[in-house]
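Participant: FYI, in our numbering the residues of the sequence shown are 179 to 446.
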Amino acid sequence: PEFGEDRFTFYSAKTGFVRASCLPELSVSLIQAMQSGAFWLDICGPSPLELKVFGEVFKMHPLTLEDIQLDDVREKCDVFEDYFIVCLKAFEAESSTAAKLDYNRPVNLYVLCAGKTCVVSIHHQPLLFSQTIAKRIRLLSARTGLTTDWITYGIMDDVIDSFSPAIYELECEVDGIDDACMQPGVAKLPFADSPDSMSASGEHGYGLMFHRITASRKSLNQLTRLVTAKNEAVRNVLKRCTTRLSEDALVYLRDLQGHVHTMEQSLE
């Protein structure tokens, strides 16, 4: 398979984690699982044939299948008769340095919640979040048992929390730029044509500083777009899925919305 050996991840309170490289190797009957309690199925890089099969099993609307196949939609929440689906842009940090221009790359994630039985997450690029989401789900469901409400919230919470380290690193980079500009003698440094060039005294010239500022600005714009869209997505879930989620889950989602507001303020 294109994305390695574990394109399919299944989790339920009864089976724990079950992973497989293709659907026939998944040692779980989805039909039986839908009749025996809540579960989570994560699918990475589905083929057109696999999408067709899942569309039939989970009764997906043709518009949902089209969105997943195109893999180019805005963050939103759509509600249908048998399920609701949340489209999010997840985050994969490729570098620990916020000053690099391509340090974050969004990955489209589709979270389908079908009643009280199953949550299916689909993405076309790898996302290394299954372990952390399972831990969140176990902690959240300790009181009430495993439900689709907590699975859906756990996925959304993990996606949004993944932005926190990048925002913190960006804040540190901006503070570093401020501190560097306040150092004595910086105003006398010569302009450098290359970001890697240095002044005769061994100190970095203006070129590197401008490069850091430009990179931080680009990172800020990327993060602001992604975080602002999360606010709208969570708000749509709260508005359109009130009757489909438990009151406890709605309380946690409102708290998650507050978390997004805090991130927006930090970025501002």
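No residue lacks a Cβ here, since even glycine has one placed at the ideal position from N, Cα and C.
What is the C-beta distance between Glu-228 and Leu-201, in whole angstroms, given that I count them as a contact (C-beta under 8 Å)?
Facilitator: 6 Å
Participant: Could you give the distance in angstroms between the alpha-carbon of His-239 and the alpha-carbon of Phe-262?
Facilitator: 10 Å
Participant: Check Val-304 in the structure and name its three-state DSSP category.
Facilitator: It is worth fixing the name first, because residue 304 is Pro in this sequence and not Val. Coil.
Participant: Among Asp-260, Ile-246, Ile-355, which residue has its Cα nearest to the Cα of Lys-267?
Facilitator: The residue with the shortest Cα to Cα distance from Lys-267 is Ile-246.
Participant: Quick one: give me the first and last residue of the beta strand (DSSP E) that Ala-191 is part of.
Facilitator: Where Ala-191 is concerned, there is no enclosing beta strand (DSSP E), given that its DSSP letter is neither H nor E.
Participant: By Cβ distance, which residues of its chain are closer than 6 Å to Glu-349, with the 5 residues on each side in sequence left out?
Facilitator: Cβ neighbours of Glu-349 beyond the five flanking positions: none.
Participant: Grab me the residues of His-437's own chain with a C-beta within less than 7 Å of its C-beta, minus the 5 sequence neighbours each way, in chain order.
Facilitator: Ile-338, listed in sequence order.
Participant: May I ask you to report which of helix, strand or coil DSSP gives Pro-224?
Facilitator: coil
Participant: Looking only at DSSP bridge pairs, what is Trp-218 linked to?
Facilitator: According to DSSP, Trp-218 bridges with Tyr-189, Val-297.
Participant: Helix, strand or coil, according to DSSP, for Tyr-261 in the structure here?
Facilitator: coil
Participant: Mind checking whether Val-196 and Leu-208 have CB atoms under 8 Å apart?
Facilitator: Result no, Cβ atoms of Val-196 and Leu-208 do not sit closer than 8 Å.
Participant: For Thr-440, tell me which candidate among Lys-417, Tyr-288, Ala-393, Ser-342 has the shortest Cα-Cα distance.
Facilitator: Ser-342
Participant: Just to check my reading of the structure: Asp-260 and Lys-237 have Cβ atoms closer than 8 Å, yes? What is that Cβ distance to the nearest angstrom?
Facilitator: For Asp-260 against Lys-237, the beta-carbon gap comes to about 5 Å, under 8 Å, which counts as contact.
Participant: Could you tell me how far apart the beta carbons of Val-412 and Gln-443 are, in whole angstroms, since I believe they sit closer than 8 Å?
Facilitator: Incorrect: roughly 16 Å between the Cβ atoms, too far for contact.
Participant: Our contact map puts Leu-290 next to Val-298 with C-beta atoms below 8 Å; I'd like the distance itself, whole angstroms only.
Facilitator: Taking C-beta atoms under 8 Å as the contact rule, Leu-290 and Val-298 qualify, at a distance of about 5 Å.
Participant: Whole-angstrom Cβ separation of Tyr-288 and Leu-431, contact assumed at under 8 Å?
Facilitator: Not quite, the Cβ-Cβ distance comes to about 18 Å (not below 8 Å), so this is no contact.
Participant: Could you check where the alpha helix (DSSP H) with Val-337 kicks off and where it finishes?
Facilitator: 326 to 339
Participant: Taking three-plus beta-carbon pairs below 8 Å as touching, is the segment 408 to 426 in contact with the segment 250 to 257?
Facilitator: yes
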